[in-house]
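Protein chains: 2
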Amino acid sequence: MVQVQVVENILSANDRIADQNRERLDQAGVFSINFMASPGAGKTSTILATHALLKDRLRVGMINGDLASTIDADRAAGAGMPSMQINTGGSCHLDAVMLHNALQNFPLDQVDLLIVENVGNLVCPAGFQLGTHLNVLIASIPEGDDKPYKYPPMYRGVNVLLINKIDVLPYFKFNMDYFRKGVEILNPEVVTFPICATSGEGVGAWVDWLADQVKRNRR
Amino acid sequence: MVQVQVVENILSANDRIADQNRERLDQAGVFSINFMASPGAGKTSTILATHALLKDRLRVGMINGDLASTIDADRAAGAGMPSMQINTGGSCHLDAVMLHNALQNFPLDQVDLLIVENVGNLVCPAGFQLGTHLNVLIASIPEGDDKPYKYPPMYRGVNVLLINKIDVLPYFKFNMDYFRKGVEILNPEVVTFPICATSGEGVGAWVDWLADQVKRNRR
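Protein sequence lines, in the order shown, are assigned to chains A and B.
With my numbering applied, the first sequence corresponds to residues 287 to 505, in that order.
With my numbering applied, the second sequence corresponds to residues 287 to 505, in that order.
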């Protein structure tokens with residue numbers, strides 16, 4: 287009982303800070319996304335591909351969470367995005383406090399869209415709202431078609447599902463109907479885009495939809 | 287300070303139960319492995335391939351950890367392995383208590399080798415010893431070559447590294463030298479086997495090495 291109480295207190299404290307993050311982002315006129323996925327599903331590649339197609343319409347920035355290294359933030363900075371690295375130490379996910387602290391130093395006046403790349407993990411990030419406007423999950427073909435069935439909290443909690451590495455579909459046993467059925471059961475409202483971040487296939491449709499969301503949020 | 291204390295207490299309690307698990311496995315004459323990996327790196331496929339090559343020499347069983355579903359335990363049972371499913375609910379990793387409880391009901395007298403498949407996650411399982419004889423990490427080519435740099439605790443804490451899905455190397459940008467350099471820095475002693483679990487490529491070398499470990503442990 288004590289443990290349950292502690293966990294509930296932590297989550298409710300997290301949600302309070304998440305609300306503050308949203309308020310701060312809205313005040314700055316910045317639309318924000320929380321990108322979640324397994325390790326290596328292609329979060330950074332998708333962010334770079336999104337930026338490449340959006341940069342003439344919107345100013346895109348990135349905050350990256352990893353246990354260690356600055357590999358992803360360096361890639362984003364190399365592409366010309368304002369970017370910041372959060373090293374979580376041992377923690378398996380970002381939380382609202384980590385984003386809150388990062389936002390203190392992030393140049394929000396230089397971006398219209400802020401993409402937060404969470405730690406690569408299909409479990410823990412699902413439990414911690416950051417205060418972003420959208421939660422986006424990147425699935426990837428090589429991971430296999432059974433992931434919705436094995437990681438339901440993650441699939442249940444997202445607004446958008448990008449199915450990445452669609453180019454290697456011929457090389458893997460991946461039953462798209464079985465995968466989509468698993469998603470449908472958990473999250474019938476989710477907006478889905480099949481993409482290949484490295485070739486750019488399908489990224490245009492996702493980016494157009496996203497630009498429209500940013501525009502609607504401004505009204 | 288209170289939080290640090292609580293975490294230390296949990297880990298030290300876990301290690302005590304892990305020692306008990308090891309004792310129980312040794313008494314039963316069962317060699318055991320903790321298989322860890324990202325979601326979809328091929329843990330279950332590798333277990334099935336290992337079983338297929340070992341089954342005439344050793345009796346292999348499997349305990350599978352997942353947030354939800356019995357997909358993997360069903361696959362193992364379908365292949366004729368004594369198998370058991372642990373559904374962790376929300377938890378992102380197995381711990382020694384979960385394995386301890388499972389061992390109460392697992393037919394240890396029917397196996398020589400017990401493979402424990404952990405929850406798909408490159409972060410949390412690294413912090414919780416289960417009491418198994420070996421910790422094995424499965425990396426996979428589609429995940430990318432930067433994972434040792436981003437998930438150092440996992441790469442640091444394993445005895446064996448299986449590099450899976452080696453068959454799709456031509457379709458991904460994966461610099462094997464860069465990957466191996468990252469592994470070498472963290473864990474110079476790790477024993478490495480490149481494999482393709484679905485085609486069986488390289489699995490023979492891993493299985494021969496493993497059979498030898500089981501034999502040595504019996505002496």
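Every residue, glycine too, gets a C-beta built ideally from N, C-alpha and C.
1) How about E403/B: is its C-beta nearer than 8 Å to some C-beta of chain A?
2) Would the segment 387–406 of chain A count as touching the segment 316–328 of chain A if we require 3 or more Cβ pairs under 8 Å?
3) Classify A491/A as helix, strand or coil using the three-state DSSP reduction.
4) From V316/A to Q499/A, what does the alpha carbon distance come to, in whole angstroms?
5) Return the CA-CA distance between G486/B and H379/B, expressed in angstroms with no decimal places.
6) With a threshold of 16 other CB atoms inside 10 Å of the CB of G364/B, please say whether the residue is buried or exposed.
7) Which residues in chain A have a C-beta closer than 9 Å to the C-beta of G406/B? List them in chain order.
8) Does the Cβ of K329/A have 16 or more other Cβ atoms within 10 Å, making it buried, or fewer, making it exposed?
9) Check distances from the C-beta atoms of the segment 359–378 of chain A to those of chain C and list, in chain order, the residues that come in under 7 Å.
10) State the Cα-Cα distance for the pair G430/B and N300/B, rounded to the nearest angstrom.
11) Within 8 Å, do at least three Cβ pairs link the segment 420–434 of chain B to the segment 447–460 of chain B?
12) L353/A versus chain B: which residues are under 8 Å apart at the beta carbon?
13) For M287/B, collect the residues of the same chain with a Cβ closer than 6 Å to its Cβ; drop the 5 residues on either side in sequence, then sort them by chain order.
14) If you measure from the beta carbon of V454/A to each beta carbon in chain B, is any gap under 8 Å?
15) Roughly how many angstroms lie between the CA atoms of D432/A and V477/A, to the nearest whole one?
16) Give me, in chain order, the residues of the same chain whose beta-carbon lies closer than 7 Å to that of L389/A; leave out the 5 immediate sequence neighbours on both sides.
17) From the beta carbon of K329/A, is the nearest beta carbon of chain B less than 8 Å away?
18) Rank D453/A, T336/A and L394/A by C-alpha distance to the C-alpha of Q313/A and give the top, closest one.
Straight from the coordinates:
1) no
2) yes
3) helix
4) 12 Å
5) One Cα belongs to G486/B, the other to H379/B, and the distance between them is close to 28 Å.
6) exposed
7) S324, L408, V409, E429, K433, K436 and Y437
8) buried
9) In the structure shown, chain C does not exist; the protein chains are A and B.
10) 32 Å
11) yes
12) V409, K436, Y437, P438 and P439
13) Note that M287/B scores a pLDDT of 41, beneath 50, so its modelled location is shaky; the value from the coordinates is reported in the next line. So no residue of the chain qualifies.
14) By this cut-off, V454/A is an interface position.
15) Rounded to the nearest angstrom, the two C-alpha atoms are 19 Å apart.
16) N307 and R310
17) no
18) L394/A
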